[in-house]
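Reviewing the structure listed below.
Written as structure tokens, this is what we have:
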């Protein structure tokens, strides 16, 4: 299981994948808005999204668990 | 009668010293995946270049007839050597003896390290693994005589070395107490992710004093210390750490009185990278890859990043322009929009001080939205640390070239320009007191609220003001030295470095 944790605080702008989605390494999983910039988070590996812990519009903190991917 | 018996004893003591803590202790060190200090030194230096200093220091062990039966060498190995043909001074604790905690002669050699570097004006490398003193004192029997009141200040030579020669250090095993302090008293430090921890005090002392039960790795592993800036870099293992030290020193002069070595460069100064034309998106919300720009502008593969794990909104490192070493500082808009955070400011300040100490010209790639804001930023005293970086820049004497890549806002942007610096702007450059998105909402609050469609009016105002932040009027007013095609940047920088 690969945990996608947030590198900074911010707000969730777009969530682009849901549980059950197959993703390829490099696919954008979700986009954070930080200081008015878009910060895309990409899948580090090929796999399946098994859990999504964030929602669009949510204010999030550094190190928060955002998604989990099963290889 | 000749001196043969003594000569033979010298040879025998030398041989015994090379055995370090003995075969078992060495095997134990290897069993933990670690090298001994002598192996580390050999790996760091050009082959066969080590010239040891003080190999006879230590304690001889005799039997009841006065025959030499053993020799415990001082547990700090010290000497001269060469890296890429250039002479340096290297020292390190011997962990196979007393866990690196200083023996009397070991302490003398370790203190001598800095004095030697200052005396010879040679770069200093320290390879650390060991703990500080023990309550029993250096003799281990608790009876050593306290130092006299007129002894020289203990850390004076450490500070003098920092002001005289490049100091590069590595944590290669657990480093605690005094060795931890000396590890960070350096211009560049790196720790081995596989084998090193850095501890002000180890788990037993922490448990006793604080009631906190933590392992060495939890207290002071690489995940802690590459993120907080205790060390500049983390490297996979010991060999990678030693390679980073060699790399760092390749950019450094031997001492503050000399200039950094210029090397032959086969990367053309007029190389144009077409990708630079569209690397900065027109949509200001979209980030770009600043490291890609860095790799493109400087000599091929010359960029050596320092401190990538902390203060991440700022990128700092060393690189070359047509063979000339320079310091590189840039914003990373992918991390907190590249804003000046408290730790980013601290990192930038350390970087500028390094460049100033060793006369390295600074190239600054500017995309600075301003100081980081919000409650966390206030708690971290961002304005204080940030302003310190601005003032540090203002007092530098080295030449600066600043390329305005995108944003250049607020008080924070001032940190990215040195006195009498050379300034070039890309067409994507925008500058002003603060970015329009934040500024418009505040300055035109009433007008926006009163408009029939406030959201549309806000956007209109933003676009209007963004146009005013364009680099063209600035160039017309000689507010920059030139407005350039981004593909021309490498050539311009190489010409600049040739002029200074």
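Residue numbers (the numbering used here), protein chains in the order written: chain U, 283 to 353; chain Z, 4 to 503.
By construction, the Cβ of each residue, glycine as well, lies at the ideal position given by its N, Cα and C atoms.
With H, G and I counted as helix, E and B as strand and the rest as coil, what does DSSP make of residue i?
| i | result |
| --- | --- |
| residue 29/Z | helix |
| residue 182/Z | helix |
| residue 142/Z | In this prediction, residue 142/Z has a pLDDT of 46, which is less than 50 and means its spatial position is unreliable; what the coordinates show is noted afterwards. DSSP places residue 142/Z in coil when its eight states are reduced to three. |
| residue 420/Z | coil |
| residue 286/Z | coil |
| residue 230/Z | coil |
| residue 90/Z | strand |
| residue 296/Z | helix |
| residue 6/Z | coil |
| residue 354/Z | helix |
| residue 322/U | strand |
| residue 83/Z | strand |
| residue 219/Z | helix |
| residue 211/Z | helix |
| residue 279/U | What the structure shows of chain U is the stretch from 283 to 353, and residue 279/U is not part of that stretch, so it cannot be assessed. |
| residue 457/Z | helix |
Roughly how many whole angstroms lie between the Cα atoms of residue i and residue j?
| i | j | result |
| --- | --- | --- |
| residue 361/Z | residue 301/U | 54 Å |
| residue 144/Z | residue 100/Z | Confidence at residue 144/Z is low in this model, with a pLDDT of 48, below 50, so the placement of that residue is unreliable and no value is reported for it. |
| residue 323/Z | residue 493/Z | 11 Å |
| residue 209/Z | residue 103/Z | 20 Å |
| residue 250/Z | residue 320/Z | 12 Å |
| residue 29/Z | residue 158/Z | 31 Å |
| residue 397/Z | residue 418/Z | 7 Å |
| residue 331/U | residue 233/Z | 36 Å |
| residue 470/Z | residue 337/U | 35 Å |
| residue 126/Z | residue 432/Z | 40 Å |
| residue 329/Z | residue 460/Z | 46 Å |
| residue 285/Z | residue 255/Z | 38 Å |
| residue 450/Z | residue 172/Z | 58 Å |
| residue 446/Z | residue 462/Z | 13 Å |
| residue 219/Z | residue 386/Z | 34 Å |
| residue 500/Z | residue 333/Z | 18 Å |
Consider the Cβ of residue i: report whether some Cβ of chain U lies at a distance smaller than 8 Å.
| i | result |
| --- | --- |
| residue 336/Z | yes |
| residue 379/Z | yes |
| residue 289/Z | yes |
| residue 340/Z | yes |
| residue 495/Z | no |
| residue 433/Z | no |
| residue 55/Z | no |
| residue 264/Z | no |
| residue 371/Z | no |
| residue 440/Z | yes |
Tell me, please, whether the CB atom of residue i is closer than 8 Å to any CB atom in chain Z?
| i | result |
| --- | --- |
| residue 296/U | no |
| residue 289/U | yes |
| residue 321/U | yes |
| residue 316/U | yes |
Less than 8 Å between C-beta atoms, sequence neighbours within five positions excluded: which residues of the same chain meet that for residue i?
| i | result |
| --- | --- |
| residue 384/Z | 345 |
| residue 259/Z | 166, 167, 168, 360, 361, 362 |
| residue 427/Z | 404, 405, 406, 407, 483, 484, 485, 486, 487, 492, 495 |
| residue 38/Z | 32, 46, 175, 241 |
| residue 434/Z | 407, 410, 411, 412, 416, 472, 474, 477 |
| residue 262/Z | 256, 362 |
| residue 72/Z | 64, 65, 66 |
Might you give, ordered along the chain, the residues of its own chain that have their beta carbon closer than 7 Å to the beta carbon of residue i, omitting 5 neighbours on each side?
| i | result |
| --- | --- |
| residue 280/Z | 489, 490 |
| residue 465/Z | 439, 440, 443 |
| residue 339/Z | 316, 375 |
| residue 300/Z | 492, 493, 496 |
| residue 6/Z | none |
| residue 231/Z | 313 |
| residue 290/Z | 336, 337 |
| residue 335/U | 347, 348, 349 |
If you drop the 5 nearest sequence neighbours on each side, which residues of the same chain put their C-beta closer than 6 Å to that of residue i?
| i | result |
| --- | --- |
| residue 317/Z | 347, 350, 351 |
| residue 54/Z | 82, 83 |
| residue 392/Z | 348, 351, 352, 418 |
| residue 340/U | 294 |
Using only the heavy atoms of the ligand GTP, determine whether one of them is closer than 7 Å to the beta carbon of residue i.
| i | result |
| --- | --- |
| residue 70/Z | In the structure shown, the ligand GTP is absent, as is every other ligand, since no ligand is present at all. |
Would you say residue i lies against chain A (beta-carbon separation less than 8 Å)?
| i | result |
| --- | --- |
| residue 432/Z | Here the protein chains are U and Z, and chain A is not one of them. |
Stretch pair the segment 197-213 of chain Z + the segment 222-231 of chain Z: three plus CB contacts closer than 8 Å: yes
Touching by the beta-carbon criterion (3+ pairs, under 8 Å), the segment 52-62 of chain Z and the segment 74-84 of chain Z: yes
Cβ contact (3+ pairs, closer than 8 Å) linking the segment 289-309 of chain Z and the segment 448-468 of chain Z: no
At least three beta-carbon pairs within less than 8 Å, the segment 86-95 of chain Z to the segment 8-18 of chain Z: no
The segment 113-132 of chain Z in contact with the segment 173-193 of chain Z per 3-pair CB rule at 8 Å: yes
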